[in-house]
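Residue numbers (UniProt numbering), protein chains in the order written: chain A, 1 to 396; chain B, 1 to 396.
Taking it in order: structure first as structure tokens, then the write-up.
2 protein chains.
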Amino acid sequence: MINEGYKAMLGGKSVIRELSEYATRRGAEIGYENVFDFSLGNPSVPAPDDFTRTMVDLYEHGDPVAIHGYSPSLGIPSVCATIAELLNRRFGVPYEAHHIFPTTGAAGALSHAMRAVTKPGDEIITFAPYFPEYQPYVAGTGAKLTVVPADTANFQINFDAFEAALNANVQAVLINTPNNPSGAVYSAETLTRLSAILAAKQTEYGHDIFLISDEPYREIVFDGGEQPYPARFYSNTLTCYSFSKSLSLPGERIGYVAVNPRATDADLLVAMMGQISRGTGHNCPPSSIQLGVAKVIDETSDLSVYETNMNLLYDALTSLGFEVVRPGGTFYIFPKALESDATAFCLKAKEYDLILVPSDSFGVTGHFRMAYCVDTEKVKRSIPALERFVREQYGR
Amino acid sequence: MINEGYKAMLGGKSVIRELSEYATRRGAEIGYENVFDFSLGNPSVPAPDDFTRTMVDLYEHGDPVAIHGYSPSLGIPSVCATIAELLNRRFGVPYEAHHIFPTTGAAGALSHAMRAVTKPGDEIITFAPYFPEYQPYVAGTGAKLTVVPADTANFQINFDAFEAALNANVQAVLINTPNNPSGAVYSAETLTRLSAILAAKQTEYGHDIFLISDEPYREIVFDGGEQPYPARFYSNTLTCYSFSKSLSLPGERIGYVAVNPRATDADLLVAMMGQISRGTGHNCPPSSIQLGVAKVIDETSDLSVYETNMNLLYDALTSLGFEVVRPGGTFYIFPKALESDATAFCLKAKEYDLILVPSDSFGVTGHFRMAYCVDTEKVKRSIPALERFVREQYGR
Numbered sequence: 001m002i003n004e005g006y007k008a009m010l011g012g013k014s015v016i017r018e019l020s021e022y023a024t025r026r027g028a029e030i031g032y033e034n035v036f037d038f039s040l041g042n043p044s045v046p047a048p049d050d051f052t053r054t055m056v057d058l059y060e061h062g063d064p065v066a067i068h069g070y071s072p073s074l075g076i077p078s079v080c081a082t083i084a085e086l087l088n089r090r091f092g093v094p095y096e097a098h099h100i101f102p103t104t105g106a107a108g109a110l111s112h113a114m115r116a117v118t119k120p121g122d123e124i125i126t127f128a129p130y131f132p133e134y135q136p137y138v139a140g141t142g143a144k145l146t147v148v149p150a151d152t153a154n155f156q157i158n159f160d161a162f163e164a165a166l167n168a169n170v171q172a173v174l175i176n177t178p179n180n181p182s183g184a185v186y187s188a189e190t191l192t193r194l195s196a197i198l199a200a201k202q203t204e205y206g207h208d209i210f211l212i213s214d215e216p217y218r219e220i221v222f223d224g225g226e227q228p229y230p231a232r233f234y235s236n237t238l239t240c241y242s243f244s245k246s247l248s249l250p251g252e253r254i255g256y257v258a259v260n261p262r263a264t265d266a267d268l269l270v271a272m273m274g275q276i277s278r279g280t281g282h283n284c285p286p287s288s289i290q291l292g293v294a295k296v297i298d299e300t301s302d303l304s305v306y307e308t309n310m311n312l313l314y315d316a317l318t319s320l321g322f323e324v325v326r327p328g329g330t331f332y333i334f335p336k337a338l339e340s341d342a343t344a345f346c347l348k349a350k351e352y353d354l355i356l357v358p359s360d361s362f363g364v365t366g367h368f369r370m371a372y373c374v375d376t377e378k379v380k381r382s383i384p385a386l387e388r389f390v391r392e393q394y395g396r
Numbered sequence: 001m002i003n004e005g006y007k008a009m010l011g012g013k014s015v016i017r018e019l020s021e022y023a024t025r026r027g028a029e030i031g032y033e034n035v036f037d038f039s040l041g042n043p044s045v046p047a048p049d050d051f052t053r054t055m056v057d058l059y060e061h062g063d064p065v066a067i068h069g070y071s072p073s074l075g076i077p078s079v080c081a082t083i084a085e086l087l088n089r090r091f092g093v094p095y096e097a098h099h100i101f102p103t104t105g106a107a108g109a110l111s112h113a114m115r116a117v118t119k120p121g122d123e124i125i126t127f128a129p130y131f132p133e134y135q136p137y138v139a140g141t142g143a144k145l146t147v148v149p150a151d152t153a154n155f156q157i158n159f160d161a162f163e164a165a166l167n168a169n170v171q172a173v174l175i176n177t178p179n180n181p182s183g184a185v186y187s188a189e190t191l192t193r194l195s196a197i198l199a200a201k202q203t204e205y206g207h208d209i210f211l212i213s214d215e216p217y218r219e220i221v222f223d224g225g226e227q228p229y230p231a232r233f234y235s236n237t238l239t240c241y242s243f244s245k246s247l248s249l250p251g252e253r254i255g256y257v258a259v260n261p262r263a264t265d266a267d268l269l270v271a272m273m274g275q276i277s278r279g280t281g282h283n284c285p286p287s288s289i290q291l292g293v294a295k296v297i298d299e300t301s302d303l304s305v306y307e308t309n310m311n312l313l314y315d316a317l318t319s320l321g322f323e324v325v326r327p328g329g330t331f332y333i334f335p336k337a338l339e340s341d342a343t344a345f346c347l348k349a350k351e352y353d354l355i356l357v358p359s360d361s362f363g364v365t366g367h368f369r370m371a372y373c374v375d376t377e378k379v380k381r382s383i384p385a386l387e388r389f390v391r392e393q394y395g396r
């Protein structure tokens with residue numbers, strides 16, 4: 001008999017997907033170039049040429065039986081070793097190959113990390129604003145997601161609210177930095193304080209609390225800055241990464257979990273993730289893509305366009321009187337809306353072919369998200385539309 | 001805190017994996033060419049040249065942002081349409097694109113199909129001998145797997161045992177044809193009888209019973225035969241397929257679920273699978289591989305070597321006095337062991353560097369599986385070792 005639970009979920013479509021589909025339909029009417037579609041976080045720059053050349057070389061000169069053969073269930077050993085070596089070199093954490101578990105992107109990484117350190121009924125805490133897909137990701141594990149209200153002043157962590165939310169049933173804390181949707185980069189100060197609280201609570205509760213750190217935007221940090229590496233601050237950290245944004249390969253489903261070698265049972269966790277895979281039908285990311293990514297491990301796409309776009313939008317929004325925290329990274333900006341009802345605000349914007357995402361599904365009211373992974377030329381053309389929208393609707 | 005359930009699973013390694021790892025270690029000692037490794041079902045023939053050329057062309061001339069972009073959550077529409085058209089043309093079932101859900105291989109397909117038509121606590125029936133990974137696949141959904149004893153005379157279905165096992169809690173029946181490990185191809189007669197029983201039981205119990213048909217070996221059928229298409233026999237069929245064997249792409253994780261358009265809620269099931277993905281971290285098979293496979297949809301690797309190998313082994317085994325059902329397809333053969341304890345038999349064979357898999361984990365006692373997806377030359381060289389083993393150990 002069909003599963004009524006999943007059938008019932010068919011009603012609840014993602015707001016972002018719906019807006020993106022609207023933008024596509026509207027584009028069919030007026031030309032997609034005339035729709036200022038800021039809905040979807042799909043990278044707009046190509047993969048590095050070196051990745052393309054590497055893959056052509058693999059296909060042309062590699063042994064097809066080897067390239068396309070089954071990956072061992074814990075990933076291709078040479079690929080795991082390459083990733084471990086990179087992380088060690090960049091962040092000074094002594095990973096070895098057996099601490100790295102290749103996954104189908106960050107979604108696959110989170111799915112394994114959460115199952116490895118929680119069981120059904122446990123509680124996972126995350127911080128608003130947060131990526132809405134965390135809800136189904138956590139629901140799928142049987143754990144419960146608690147969302148700590150945002151620090152809307154700067155989108156770091158609201159520590160008072162966090163300490164109030166903590167309790168002995170919390171087995172994991174989930175962070176996302178640089179953050180989707182706010183663009184905030186958690187500072188060393190934030191990570192130090194978070195780590196101290198978690199360490200104290202581990203002692204108080206007498207059990208481990210794992211930090212699951214979702215870092216697909218790690219390489220997109222502005223003003224020459226860097227994302228401080230969360231695993232350096234806290235031993236029980238599972239770092240979840242995806243090459244979707246750094247190499248512009250979102251459709252190829254390639255990422256990893258890196259288990260901090262200092263974590264409890266660090267030498268068992270990757271093997272446990274192999275067992276988790278058997279129950280979810282995961283069975284490793286594609287072999288050829290594992291091999292290809294390992295060969296360009298030090299590269300990224302040309303990510304500079306995102307900073308250019310951010311500055312254009314940040315300047316335009318502030319000059320229009322928006323309250324907005326300047327993003328430190330990602331390709332998102334998260335201003336305060338001009339009325340308290342974010343959905344009403346975004347519906348009005350749609351009349352100007354501005355596709356903005358209301359903040360409610362991110363766990364914050366009265367804001368909106370713009371994903372500026374679009375051509376700079378389109379960002380520039382969107383500014384007069386923004387001006388007209390604000391003037392006509394809000395008299396500014 | 002780490003999940004004790006998954007930690008406990010670390011003890012229970014797959015017998016097949018252990019034997020394969022032994023074969024690799026033994027190969028390091030005496031040269032892998034001297035190990036008659038029949039443990040693993042990893043295709044030994046290359047992907048078609050057309051697939052390689054297609055991929056090189058995609059990489060060299062395609063738009064990287066499009067090729068590597070996110071696949072829609074229900075798969076790339078043109079790919080789904082191509083698969084639907086192929087199935088319609090070959091099997092006369094009127095699939096449309098929205099009945100096809102691309103997945104990460106057959107493991108991903110089964111994971112979605114099972115969750116779509118059962119809920120935790122439900123019962124799924126399968127037939128011995130069966131692929132051992134069905135146990136964790138089903139356990140991961142929360143349903144319970146019941147194994148119907150084998151028809152050891154010809155490895156079709158033991159219908160008496162099946163009818164005895166059926167009860168109102170059974171929501172799905174899982175078949176695998178051509179079958180791993182027996183090599184049996186379910187006949188039209190078997191599928192007709194299975195379908196009639198399921199139809200009658202649906203009426204008796206007042207609910208749907210879905211047939212989940214796992215068909216990764218569909219294209220490997222011997223003697224010019226064909227696998228009768230199960231979905232033609234029974235409306236409530238979810239066909240699970242993988243290109244792992246037909247195109248020799250096991251590591252690329254590409255397959256699909258095809259929902260029979262005549263099934264209950266046929267137009268909802270693919271969308272439900274999209275929801276299931278959100279909870280398991282699946283999020284579509286790799287985009288470039290979806291596109292590549294669709295372009296060679298009518299092709300297969302040169303699969304003839306498997307039939308050559310089967311005939312060599314079947315003739316050798318029968319002439320050595322083994323009781324063996326001649327495989328109709330796959331790259332497996334499943335003879336009766338020469339003593340009742342299959343594990344003891346296979347341990348003795350190891351002394352002759354013959355790596356055979358005992359039948360117990362397939363749900364049958366006293367047999368062994370040989371995976372003959374190896375070079376024909378090695379199959380030939382293995383026969384004297386088989387002869388010596390049988391003569392010295394069993395005096396034949």
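The beta carbon of each residue, even a glycine, is placed where N, CA and C say it ideally should be.
In this text, all values refer to a predicted model and were calculated from it rather than measured experimentally.
Kindly indicate the opening and closing residues of the alpha helix (DSSP H) around residue i.
{"i": "B:N311", "result": "304-319"}
{"i": "B:F91", "result": "77-91"}
{"i": "A:P230", "result": "230-233"}
{"i": "B:K201", "result": "188-205"}
{"i": "A:L347", "result": "342-350"}
{"i": "A:T146", "result": "Run containing A:T146: none in the alpha helix (DSSP H); it sits in the beta strand (DSSP E), 144-148."}
{"i": "A:R381", "result": "376-394"}
{"i": "B:A66", "result": "64-67"}
{"i": "B:A371", "result": "Careful: B:A371 lies outside any alpha helix (DSSP H), inside the beta strand (DSSP E) at 368-371."}
{"i": "A:Q227", "result": "Segment: none, A:Q227 is in no alpha helix (DSSP H) and carries neither H nor E."}
Just to check, is the beta-carbon of residue i closer than 8 Å to a non-hydrogen atom of the ligand GDP?
{"i": "B:R53", "result": "With respect to small molecules bound, the structure shown includes none, and the ligand GDP cannot be examined in it."}
Who are the near neighbours of residue i in its chain, counting only those whose CB is closer than 6 Å to its CB and skipping five residues on each side?
{"i": "A:F334", "result": "P181, S182, H367, R369"}
{"i": "A:G363", "result": "A128, P129, Y130, V147"}
{"i": "B:S242", "result": "G105, A106, P216, G255"}
{"i": "B:I383", "result": "A316"}
Between residue i and the rest of its own chain, which residues show a CB-CB distance below 8 Å, the 5 nearest in sequence each way excluded?
{"i": "B:P120", "result": "T141, G142, A143"}
{"i": "B:R396", "result": "L320, G321, L338, V390"}
Going by DSSP, what residue range makes up the beta strand (DSSP E) through residue i?
{"i": "A:C240", "result": "237-242"}
{"i": "A:G255", "result": "255-259"}
{"i": "A:M1", "result": "That residue, A:M1, is in no beta strand (DSSP E); it is neither H nor E in DSSP."}
{"i": "B:D214", "result": "210-214"}
{"i": "B:A168", "result": "First-last for B:A168: undefined, no H or E at that position."}
{"i": "residue 414 of chain A", "result": "Any answer about residue 414 of chain A is impossible in this case: the structure gives chain A only from 1 up to 396."}
Starting from residue i, find everything on chain A with Cβ-Cβ shorter than 9 Å and list it in chain order.
{"i": "B:V65", "result": "N42, P43, S44, V45, P46, A47, S248"}
{"i": "B:T376", "result": "Within chain A, no residue comes near B:T376; the closest Cβ sits about 15 Å away, beyond 9 Å."}
Could you name the residues of chain B that residue i contacts, counting a contact when the two beta carbons are closer than 7 Å?
{"i": "A:L268", "result": "K7, L10"}
{"i": "A:A116", "result": "I2, N3, Y6"}
{"i": "A:Q275", "result": "Y6, M9, L10"}
Under 8 Å Cβ-Cβ, which residues of chain A neighbour residue i?
{"i": "B:A139", "result": "G279"}
Chain B partners of residue i, CB-CB under 8 Å?
{"i": "A:M370", "result": "Within 8 Å Cβ-Cβ: nothing; A:M370 doesn't reach chain B, min ~18 Å."}
{"i": "A:G108", "result": "G281, H282, N283"}
Residues of chain B with CB under 9 Å from residue i, in chain order?
{"i": "A:D208", "result": "M1, I2"}
Below 7 Å on C-beta distance, what does residue i contact in chain A?
{"i": "B:A271", "result": "L10"}
{"i": "B:D265", "result": "I2"}
Task: chain B contacts from the stretch 295-308 of chain A (Cβ-Cβ distance under 8 Å) - done: none
TODO: Note down, in chain order, all residues in the stretch 75-102 of chain B with a beta-carbon under 8 Å from any beta-carbon belonging to chain A.
DONE: none
TODO: Give, in chain order, every residue of the stretch 149-179 of chain B whose Cβ lies closer than 7 Å to some Cβ of chain A.
DONE: Q171
- [ ] Enumerate, from N- to C-terminal direction, the unbroken alpha helix (DSSP H) stretches of 4 or more residues contained entirely within the stretch 5-56 of chain A.
- [x] 15-30
TODO: Pull out every residue of the stretch 118-129 of chain A whose Cβ sits closer than 9 Å to any Cβ of chain B, in chain order.
DONE: T118, K119, D122
Task: Residues of the stretch 183-199 of chain A whose Cβ lies closer than 7 Å to any Cβ of chain B, in chain order - done: none
- [ ] Within the stretch 92-124 of chain B, note down every full alpha helix (DSSP H) run reaching 4 residues or more, in order along the chain.
- [x] 105-117
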